[in-house]
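Using my numbering, the first residue of the sequence shown is number 119, and each one after it goes up by one.
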Amino acid sequence: MVNKEIIEFLHEGTKRGFSIQILKQKLLEAGFIEKDVNKAIDALSKGKALPRTPNQPGTHYENKKSRKLMKIAGWFGIIMLVIFILLVILIIIPQTADFLNSIFEIMMFSIIFFIFLITFLVFYYLGLAKLGKCSESKILHKSSWTMLVYSVIIPITFVLMIIFSWKSLVGAFAALAFISLFGGSKLILYSIFALVLTYFTIYIFLSIGLIKIGSKVKFAKLAGIITLSYIMLSLLTGVISMIIPLQNLQAIVNIVSILILLLGITSLLFISLTLLNGSKQFER
Numbered sequence: 119m120v121n122k123e124i125i126e127f128l129h130e131g132t133k134r135g136f137s138i139q140i141l142k143q144k145l146l147e148a149g150f151i152e153k154d155v156n157k158a159i160d161a162l163s164k165g166k167a168l169p170r171t172p173n174q175p176g177t178h179y180e181n182k183k184s185r186k187l188m189k190i191a192g193w194f195g196i197i198m199l200v201i202f203i204l205l206v207i208l209i210i211i212p213q214t215a216d217f218l219n220s221i222f223e224i225m226m227f228s229i230i231f232f233i234f235l236i237t238f239l240v241f242y243y244l245g246l247a248k249l250g251k252c253s254e255s256k257i258l259h260k261s262s263w264t265m266l267v268y269s270v271i272i273p274i275t276f277v278l279m280i281i282f283s284w285k286s287l288v289g290a291f292a293a294l295a296f297i298s299l300f301g302g303s304k305l306i307l308y309s310i311f312a313l314v315l316t317y318f319t320i321y322i323f324l325s326i327g328l329i330k331i332g333s334k335v336k337f338a339k340l341a342g343i344i345t346l347s348y349i350m351l352s353l354l355t356g357v358i359s360m361i362i363p364l365q366n367l368q369a370i371v372n373i374v375s376i377l378i379l380l381l382g383i384t385s386l387l388f389i390s391l392t393l394l395n396g397s398k399q400f401e402r
C-alpha cells in the first residue's frame, strides 16, 4: 500500500518546482524506507495516487513551461547586456557616436529596436515572475508582474511623447521634448516624477525578493544586493541633484554616474545568471 504521507510530500514538492530526485533524498534523510518512497514515486508518475481534475494542468507541464520562460528570460538578459555594453562603447567614441545618432534617426530602425526592447522586457519580467512562483516568493512574483505591466506602459508613453513632440528622440530625451513642448508644465513634471518614483519602489521590492530566495537559487542573493545598491544610489543621486546644484561637482557626478552604470550592468548580468540557474534548479 502506498504511503499517503510520502505521496502528499512528493505531490506538493513537485508542484512547487522541486525535482523528484531532491524530494526523494529529503524523504530518505527524514527516515522513510527507500522501497516505500519508490512505490510512491511510481504511483505518482502513473497518476494513480493523486488524480488531477480536467481543469488542473499537469505539474510537469507547468514546471516545464516555467523553466523554459526562465531560460528564455536569462538569455534575453545576456543578449541585452551585450547590446547595452556595445551601445555604451559606441557612445563614448566620438566618431561612432555621430554614426549611432544617425542610425536612430532612421524610423524603421527605431521601430525595430522598440519592438525588441518591449519583447525583452516582457520575457525578462515574466521569467522573474515564474522564478518567484517556483521559489515561493510572493514579493518577487508580484513585483515582477507589476514591473512587467509597468515596463510596457512606460515605453508606449515615451513613444506617444515622441509623436506629440514631432522629434525623433529616443528614451528619456523624449520626455524632455514633451516637457519643452508644453512649456515645462508642472503636471508633466510631477507625472514623470511619480513614474520614476514608482519604478524605483517596485524595483526595491523586486530586489528584496531576489535576496530572500538566495538560499534556493544560485546568484539570486548577490543579484538582489547589487540591484538594490543600484536602485538606492540612483534614487539618492536623483534626490540630491534636485536639491543641490551639481555644476561645481562635475567630477563627483561623473564618478557616481560611472558607478551607477557599472552597477546597472552588473545587476543585469547576475539577474540573468539567476534566471538561467533557476531554470536548472527547478528542473524535474
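Don't be surprised by glycine CBs; every beta carbon is placed ideally from N, CA and C.
Treat the numbers as computed from the prediction; the structure is a model and nothing was measured.
Asked                                                                                                                 : Found
Other residues of its chain near cysteine 403: CB distance less than 6 Å, five sequence neighbours each side excluded : One cannot answer for residue 403 here, as it falls past the ends of the chain, which runs 119 to 402.
Inter-stretch contact (C-beta, 8 Å, three-pair minimum) for the region 380-399 and the region 337-347                 : yes
Buried or exposed (CB count within 10 angstroms, at least 16 for buried), tyrosine 308                                : exposed
With 16 other Cβ atoms within 10 Å as the buried cut-off, status of leucine 315                                       : exposed
Through-space distance from glutamate 254 to isoleucine 124, alpha-carbon basis                                       : 21 Å
Own chain, CB closer than 8 Å to isoleucine 140, minus 5 neighbours either side, in chain order                       : Gly131
Reference leucine 313; option with closest CA among Leu346, Thr264, Ala369, Thr384                                    : Thr264
The region 322-330 in contact with the region 342-351 per 3-pair CB rule at 8 Å                                       : yes
Distance between leucine 239 and isoleucine 203 (C-alpha atoms, nearest Å)                                            : 17 Å
Length of the line joining the Cα atoms of lysine 133 and alanine 148                                                 : 20 Å
Opening and closing residue of the alpha helix (DSSP H) in which glutamate 147 lies                                   : 138-147
Cβ-based burial, isoleucine 91 [other Cβ within 10 Å; buried from 16]                                                 : Examination of residue 91 is not possible in this model, given that the chain is present from 119 through 402 alone.
Endpoints, alpha helix (DSSP H) assigned at asparagine 372                                                            : 368-399
Nearest-angstrom beta carbon gap, lysine 153 and serine 397 [assumed within contact, 8 Å]                             : Not a contact, Cβ separation roughly 33 Å.
Residue interval of the alpha helix (DSSP H) (run including valine 155)                                               : 152-163
Distance between isoleucine 209 and valine 374 (C-alpha atoms, nearest Å)                                             : 18 Å
Three-state class that DSSP yields for lysine 133 in the structure shown                                              : helix
Beta-carbon gap between leucine 128 and alanine 158 smaller than 7 Å                                                  : yes
Glycine 342 (DSSP reduced to helix, strand or coil)                                                                   : helix
Expected contact under 8 Å - CB spacing of phenylalanine 258 and leucine 266 to nearest Å                             : Reading off the sequence shown, one finds leucine at residue 258, where the question assumed phenylalanine. Wrong, their Cβ atoms sit about 12 Å apart, outside the cutoff.
Local Cβ density within 10 Å of phenylalanine 194, reported as buried at 16 or more and exposed below that            : buried
CB contact flag (leucine 386, leucine 235, <7 Å)                                                                      : no
Separation of serine 352 from isoleucine 233, as counted between CA atoms                                             : 26 Å
Proximity of phenylalanine 318 and isoleucine 349 at Cβ, strictly below 7 Å                                           : yes
Distance, valine 155 Cα to asparagine 121 Cα                                                                          : 8 Å
Cβ shell of isoleucine 378 (< 8 Å), same chain only, five flanking positions each side left out                       : Tyr348, Leu351, Ser352, Thr355
Local Cβ density within 10 Å of isoleucine 362, reported as buried at 16 or more and exposed below that               : exposed
Residue closest to threonine 237, alpha-carbon to alpha-carbon, out of Ala191, Ala247, Leu205, Ser261                 : Ala191
Environment of leucine 244 [buried if 16+ CB atoms lie within 10 Å]                                                   : buried
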